[in-house]
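J.: Take this structure, written in structure tokens, and hold onto it; I'll ask about it next.
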Amino acid sequence: AQSVTQLDSQVPVFEEAPVELRCNYSSSVSVYLFWYVQYPNQGLQLLLKYLSGSTLVKGINGFEAEFNKSQTSFHLRKPSVHISDTAEYFCAAPFNAGKSTFGDGTTLTVKP
Amino acid sequence: DSGVTQTPKHLITATGQRVTLRCSPRSGDLSVYWYQQSLDQGLQFLIQYYNGEERAKGNILERFSAQQFPDLHSELNLSSLELGDSALYFCASSPTAEPAYEQYFGPGTRLTVT
């Protein structure tokens with residue numbers, strides 16, 4: 058079955074520390090992969106996406122992600138987080154005809 | 179502001195009732211998606227419409243139905259409501275039905291069934 062797995066439900070981190078949010082996907086075909094962020098009481102917004110080409114993708118707010126085909130992973134990273142990065146992060150994979158599959162989400166809490 | 183609007187913002191209703199949630203996509207977007215977000219189920223894809231036609235179906239219950247009108251706005255109808263239907267319902271839109279395009283999410287409608 059095609060699926061997206063976010064390996065951590067909660068990630069607490071101190072301000073200015075680096076962070077990695079992990080996402081694995083399963084698919085036998087080429088996939089597009091997305092990371093979305095949901096701030097409290099808001100809808101989701103796109104952080105970055107991988108369609109093809111360079112495996113390192115840069116997004117908004119200093120986030121980046123690396124597509125690793127051999128490990129079927131698409132981990133999200135930021136070298137130094139801010140309090141304002143506290144939010145829920147979703148890895149998503151629209152496998153076909155927009156039938157998006159979202160991971161269960163990772164709650165990132167940045168502490169002062 | 180994503181450009182996607184959803185009404186109402188909040189809805190409180192009783193079990194057994196029927197409600198309609200409305201979504202207006204971004205200007206020019208032809209594809210509309212509906213999602214349900216709850217604490218126990220996470221973010222679940224319900225259904226997608228493209229230019230008025232149903233394009234893909236996810237975990238949508240038979241009690242739920244949707245449609246997209248000629249002006250491209252969409253409505254999600256939920257009937258015979260149960261307590262477990264309490265959730266945040268999101269609408270998203272994208273320019274086409276192609277999966278490479280990002281989806282722009284509305285602010286959601288919070289449904290509480292009592």
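Going line by line, the protein sequences match chains A and B.
Remember, the numbering used here sits 57 above the position in the first sequence when you count from 1.
Remember, the numbering used here sits 178 above the position in the second sequence when you count from 1.
Note that beta-carbon positions come from the ideal geometry of N, C-alpha and C, so glycine has one too.
Does the beta carbon of GLU280(B) come closer than 8 Å to any beta carbon on chain A?
T.: Chain A contact via Cβ: present.
J.: For GLU280(B), does the count of other Cβ atoms within 10 angstroms reach 16, so buried, or fall short, so exposed?
T.: Result: buried.
J.: Which residues share a DSSP beta bridge with ASN125(A)?
T.: DSSP lists SER130(A) as partners of ASN125(A).
J.: Going along chain A in order, which residues have a C-beta closer than 9 Å to the C-beta of PRO285(B)?
T.: Those within 9 Å of PRO285(B) in chain A are ASN98, GLN99, GLY100.
J.: Identify each residue in the stretch 105–132 of chain A for which the Cβ-Cβ distance to at least one residue of chain B is less than 7 Å, and report them in chain order.
T.: Against chain B - using a Cβ distance shorter than 7 Å - the residues of the stretch 105–132 of chain A are LYS106, LEU108.
J.: What's the gap between the Cα of TYR227(B) and the Cα of GLU73(A)?
T.: Each residue's alpha carbon lies about 42 Å from the other.
J.: Give the DSSP bridge partners of GLN245(B), in chain order.
T.: In DSSP, GLN245(B) forms a bridge with GLU253(B).
J.: Mapping the DSSP letters down to three states, classify GLY220(B) as helix, strand or coil.
T.: Correct three-state label for GLY220(B): strand.
J.: Where does LEU261(B) sit, in a helix, a strand or coil, going by DSSP?
T.: Looking at LEU261(B) - three-state DSSP - the assignment turns out to be helix.
J.: Does LEU103(A) come within less than 8 Å of chain B when only Cβ atoms are used?
T.: Chain B contact via Cβ: present.
J.: From the DSSP output, read off the bridge partner residues of GLU145(A).
T.: GLU145(A) pairs with GLN95(A), THR164(A).
J.: Distance, Cα to Cα, LEU103(A) vs SER84(A)?
T.: The straight-line gap from Cα to Cα measures roughly 22 Å.
J.: Could you give the C-beta distance for ALA270(B) and TYR211(B), rounded to a whole number, given that I count them as a contact under 8 Å?
T.: ALA270(B) to TYR211(B), Cβ: 4 Å. Contact.
J.: Leaving aside the five residues before and after HIS138(B) along the sequence, list all residues of the same chain whose C-beta is less than 6 Å from its C-beta, in chain order.
T.: Shown here, chain B extends from 179 to 292; a query on residue 138(B) therefore has no answer.
J.: The ligand SAH and VAL88(A): does any heavy atom of the ligand fall closer than 7 Å to the residue's C-beta?
T.: The ligand SAH is absent from the structure shown, which contains no ligands of any kind.
J.: Using C-beta distances below 6 Å, list every residue in its chain close to ILE225(B), excluding the 5 sequence neighbours before and after it, in chain order.
T.: Contacts found: TRP212, LYS235, ILE238, ALA244.
J.: Starting from LYS106(A), trace the beta strand (DSSP E) in both directions and tell me its first and last residue.
T.: From DSSP, the beta strand (DSSP E) with LYS106(A) extends over 101–107.
J.: Near PHE159(A), what residues of its chain come up, given a Cβ to Cβ distance below 6 Å and the 5 sequence neighbours on each side ignored?
T.: Same-chain partners within the cutoff: PHE147, ALA149.
J.: Under the DSSP definition of a beta bridge, which residues are partnered with TYR213(B)?
T.: Paired residue(s): PHE223(B), PHE268(B).
J.: Could you have a look at ASN81(A) and say whether DSSP puts it in helix, strand or coil?
T.: Correct three-state label for ASN81(A): strand.
J.: Need the endpoints of the beta strand (DSSP E) that PHE71(A) sits in, please.
T.: Residues 67–71.
J.: For ASP293(B) and VAL291(B), what's the separation of their Cα atoms in angstroms?
T.: Residue 293(B) falls outside the range modelled here, since chain B spans only 179 to 292, and no answer is possible.
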